[in-house]
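Protein chains in written order, with the numbering used here: chain A, 1 to 386; chain B, 387 to 772. Each remark here refers to the structure printed beneath this line.
Number of protein chains: 2
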Amino acid sequence: MRDVAIVGAGMIPFGELFDQGIKDMVARAFDATLSSVDKGMRPDEIGAAWFSEVQSVDGFPAGLLADACGLGDIPVTRVENACASGNDALRNALYAVGGGYVDVALVLGTDKVRDTSASSTFWDWMGTNRDSAWDLPLGLISPASFALHVARYMHEFGATREHLAMVAVKNHHNGATNPYAHLRYEVTMEQVLAAPMVVEPFGLLDCVPQSDGAAAVLIAGRDVVDRYTDRPVWVRGVGTGMDRVLHAEKADLSRFPATAKAAKQAFAMAGIGPERIDVAEVHDCFTGVEMMTYEELGFCGRGEAPRLLERGETSIGGRLPVNPSGGLKSKGHPPGATGLAQCTELFEQLRGEAVNQVDGARWALAHNVGGPTAVAAVTVLAGPDA
Amino acid sequence: MRDVAIVGAGMIPFGELFDQGIKDMVARAFDATLSSVDKGMRPDEIGAAWFSEVQSVDGFPAGLLADACGLGDIPVTRVENACASGNDALRNALYAVGGGYVDVALVLGTDKVRDTSASSTFWDWMGTNRDSAWDLPLGLISPASFALHVARYMHEFGATREHLAMVAVKNHHNGATNPYAHLRYEVTMEQVLAAPMVVEPFGLLDCVPQSDGAAAVLIAGRDVVDRYTDRPVWVRGVGTGMDRVLHAEKADLSRFPATAKAAKQAFAMAGIGPERIDVAEVHDCFTGVEMMTYEELGFCGRGEAPRLLERGETSIGGRLPVNPSGGLKSKGHPPGATGLAQCTELFEQLRGEAVNQVDGARWALAHNVGGPTAVAAVTVLAGPDA
Chain A
1 MRDVAIVGAG
11 MIPFGELFDQ
21 GIKDMVARAF
31 DATLSSVDKG
41 MRPDEIGAAW
51 FSEVQSVDGF
61 PAGLLADACG
71 LGDIPVTRVE
81 NACASGNDAL
91 RNALYAVGGG
101 YVDVALVLGT
111 DKVRDTSASS
121 TFWDWMGTNR
131 DSAWDLPLGL
141 ISPASFALHV
151 ARYMHEFGAT
161 REHLAMVAVK
171 NHHNGATNPY
181 AHLRYEVTME
191 QVLAAPMVVE
201 PFGLLDCVPQ
211 SDGAAAVLIA
221 GRDVVDRYTD
231 RPVWVRGVGT
241 GMDRVLHAEK
251 ADLSRFPATA
261 KAAKQAFAMA
271 GIGPERIDVA
281 EVHDCFTGVE
291 MMTYEELGFC
301 GRGEAPRLLE
311 RGETSIGGRL
321 PVNPSGGLKS
331 KGHPPGATGL
341 AQCTELFEQL
351 RGEAVNQVDG
361 ARWALAHNVG
371 GPTAVAAVTV
381 LAGPDA
Chain B
387 MRDVAIVGAG
397 MIPFGELFDQ
407 GIKDMVARAF
417 DATLSSVDKG
427 MRPDEIGAAW
437 FSEVQSVDGF
447 PAGLLADACG
457 LGDIPVTRVE
467 NACASGNDAL
477 RNALYAVGGG
487 YVDVALVLGT
497 DKVRDTSASS
507 TFWDWMGTNR
517 DSAWDLPLGL
527 ISPASFALHV
537 ARYMHEFGAT
547 REHLAMVAVK
557 NHHNGATNPY
567 AHLRYEVTME
577 QVLAAPMVVE
587 PFGLLDCVPQ
597 SDGAAAVLIA
607 GRDVVDRYTD
617 RPVWVRGVGT
627 GMDRVLHAEK
637 ADLSRFPATA
647 KAAKQAFAMA
657 GIGPERIDVA
667 EVHDCFTGVE
677 MMTYEELGFC
687 GRGEAPRLLE
697 RGETSIGGRL
707 PVNPSGGLKS
717 KGHPPGATGL
727 AQCTELFEQL
737 RGEAVNQVDG
747 ARWALAHNVG
757 GPTAVAAVTV
767 LAGPDA
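What follows is the structure in structure tokens.
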């Protein structure tokens, strides 16, 4: 196997994109990504593509990607792994490039959460990402599912709604200056705590928006990286972890075992530990999920996550800034695109080009959890100077 | 990269399996596959899994596979590429194993076509596998889509409904003795021609049944193959090709460009040409599709496919037997499982263990086309004696 680097990354602004179909969004993200390659790249230099789309609303996913991007002469594979699809698609593409089967691969993700197909509903979508026979009829869709986890964590460790609100305030602060973010405004602690309750302990401002969007990366094998850039961002580790689908079978709701497993794999492959990470994009679909994830990723010990927030350690300027892009919370969360938008942010961070730059960032981590909490994917990246 | 072999393969009998959910089918196919490994294999020797499921009816696909098979400690990725999902999932797994990232991988496929989720219909399913905005409202679901292709081919080359019927007669003859086949009966030329018309030129007996089922293979890297078997079946070539999704944009309806592209990739990787293939499992969702595919795979020249059928060259005992398992036509077609059921049949063929054994088979080919005709996947296999 050989080293693999991201040589280009791009996205379109996330939002309620009622004027764009999947093919429009995909084509624009592809153009942005190609344009980001320092020394340029022709589409015909791409040897294979992976498409991360959780829900097909405009039709046959892999074919639509090929058509929209003019990539009909290469293999296109759709990877679906709930909200972890983006980073898991990158993992699959890495195997092909690292194994020497393909020199350059496109990994592009998208979803339209604000449009569902004519005959299906958001409830149908939810059914495909949990156990549809048992948990779906109980109403255990995403907010309720994650609320069970976060409520249990709060009970165990004395975390409060104020701790959750700190995540929202931090991430909205970051996203307010990110031109690609869906919700480009700040929120105050008071606003978060006073927002209408969605499901205890999540008020409206603890919840991710429903967003449309697309994002992509181009990866290349070490032998050909120099053709495209002198400032590659290396993909040092990938990991995908699983947990039980049924909530009744989860051993401890105060944990996210899938995240811990994915992180363990990715760190082992990278040959580093979490103490080396300088900046991270973490799955904050609901505020408390980011908080709990600090622990599963090894950023702090068990029960210490609320202290990290109190001390501002995960704010920009802190020890380990998390979600400088605004995170899912402010930037938005089209599930198939999310992991690749995280990698786009970290590509810029590790090259010193980000809007909310973390000074001297050399190692970075992207993380998703989904299928509620039954799957997680982690990617560890190293900058040109690492 | 290193060589990769299939060391185990298995499936459950296809049919109308109303008594089994996805988790039941998946667990049984996994057991059958593990049991097929000559020297045995423990589940914890599997390093990663790929899950080929086209439509999620019971919920989060990757998580359900992990739960049903007790594989919660390894990464599971769902690959969806319409009817080409099975062989494309195998291609993705091959990259991971061949690249040295994983020693042993499970590739398991399933679908329940006879059950759709409570809130969605078969029509919804069809929408996810074509262009849902343009072709779906026109009624261009699978039978109509393939009928356009086959009708055009018949017009160009003077093929008749009798040629199509020869495919049905041949494949039902083979499937009648296959204990895993859904439709285990013979049909006569007269019955096929007299069957009720579905869509010109396809009568009912030109069409695949709607089947539930599951199938799987276990692949291993060369370094570890000996642990599992002395009779491995080598995966020598993989390929995935694309074509336009919209029927209005297909350049020539008498062709399947996706199949030609996939075959070209797989043969190039294998370092052989189609003349070396001794037995093939070809996507015969509709009889005429098998006929046309002979040409796209290079089994004969342009316009010569009807002659192959007239001369019995693709019957068992002929020059190049196609679909000795009964094919999709008789064995059944749960889309996510189909490619892996083909590989299961060919694993047995190349080891001399098949029910309808092709004498001396050393090289084999599996083929799928789907998303109607916008994607195809081809796998080239070599037996222990090749």
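Here a beta-carbon is modelled for each residue, glycine too, at the ideal position from N, C-alpha and C.
Not one beta carbon of chain B lies nearer than 8 Å to the beta carbon of T338(A). Going by DSSP, D598(B) is part of the beta strand (DSSP E) stretching over 598-607.
Scanning the segment 435-471 of chain B for uninterrupted alpha helix (DSSP H) segments of 4 residues or longer gives 447-455, listed from N- to C-terminal end.
The beta carbon of S52(A) sits closer than 6 Å to those of V79, S85, G86, A89, G109, G336, all from its chain and outside the five residues before and after it, given in chain order. Contiguous beta strand (DSSP E) elements confined to the segment 98-135 of chain A occur at 104-112, taking only those with 3 or more residues. In the three-state scheme derived from DSSP, where H, G and I count as helix and E and B as strand, F685(B) is classed as coil.
Against chain A, the beta carbon of L450(B) has neighbours under 8 Å at D131, V245, listed in chain order. For L420(B), the enclosing alpha helix (DSSP H) starts and ends at 408-421. Contact residues of the segment 83-97 of chain A toward chain B are D88, N92, Y95, A96 (C-beta to C-beta distance below 7 Å).
Taking every protein chain shown into account, the CB of T563(B) has fewer than 16 other CB atoms within 10 angstroms, so this residue is exposed. For E635(B), no beta strand (DSSP E) run applies, since DSSP gives it neither H nor E. Per DSSP, the unbroken alpha helix (DSSP H) holding T645(B) starts and ends at 643-656. For V761(B), the neighbours in chain A by C-beta distance under 8 Å run, in chain order, F60, A62, G63, V76. CA-CA distance, L297(A) to A258(A), rounds to 11 Å. With a threshold of 8 Å between beta carbons, D664(B) makes no contact with chain A.
N478(B) and N515(B) have their C-alpha atoms roughly 20 Å apart. The straight-line gap separating the alpha-carbon atoms of N368(A) and H541(B) is approximately 52 Å. By the CB criterion at 8 Å, V766(B) and P710(B) fall outside the cutoff.
Counting along the chain, the unbroken alpha helix (DSSP H) around L726(B) starts and ends at 721-736. If the five residues before and after A262(A) are omitted, its C-beta is found closer than 6 Å to the C-beta atoms of G239, T240, G241, A376, A377, V378, all from its own chain and listed in chain order.
When DSSP reads this structure, I392(B) sits in a beta bridge with I605(B), V619(B). When CB distances to chain B are screened at a threshold of 8 Å, the residues of the segment 228-245 of chain A falling below it are G239, T240, G241, M242, D243, R244, V245, in chain order. Membership of G370(A) in the beta strand (DSSP E) is indicated by the continuous run 363-370.
Taking 8 Å as the threshold, the shortest C-beta distance from D497(B) to chain A does not fall below it. Residue state for T379(A) is assigned as strand, using DSSP reduced to three classes. At a C-beta separation below 9 Å, V79(A) has these neighbours in chain B: T463, R464, V465, E466, N478.
For a Cβ distance threshold of 7 Å, residue set G485, G486, Y487 of chain B lies close to M1(A), ordered along the chain. Separation of V217(A) and M583(B) (C-alpha to C-alpha, rounded to the nearest whole angstrom) is 48 Å. Nearest CB-CB separation between T514(B) and chain A: below the 8 Å threshold. Counting along the chain, A280(A) sits inside the beta strand (DSSP E) bounded by residues 279-281.
Residue-level contact by beta carbon fails for K264(A) and chain B, as no gap is shorter than 8 Å. Residue range 583-585 is occupied by the beta strand (DSSP E) that includes M583(B). Secondary structure at V624(B): strand, using DSSP grouped into helix, strand and coil. Scanning chain A for C-beta atoms nearer than 8 Å to the C-beta of K715(B) yields nothing, as the closest lies near 23 Å away. With fewer than 16 neighbouring CB atoms inside 10 Å of its own CB, F122(A) falls in the exposed class. Contact note: K261(A) reaches chain B through D459, using a C-beta cutoff of 8 Å and chain order.
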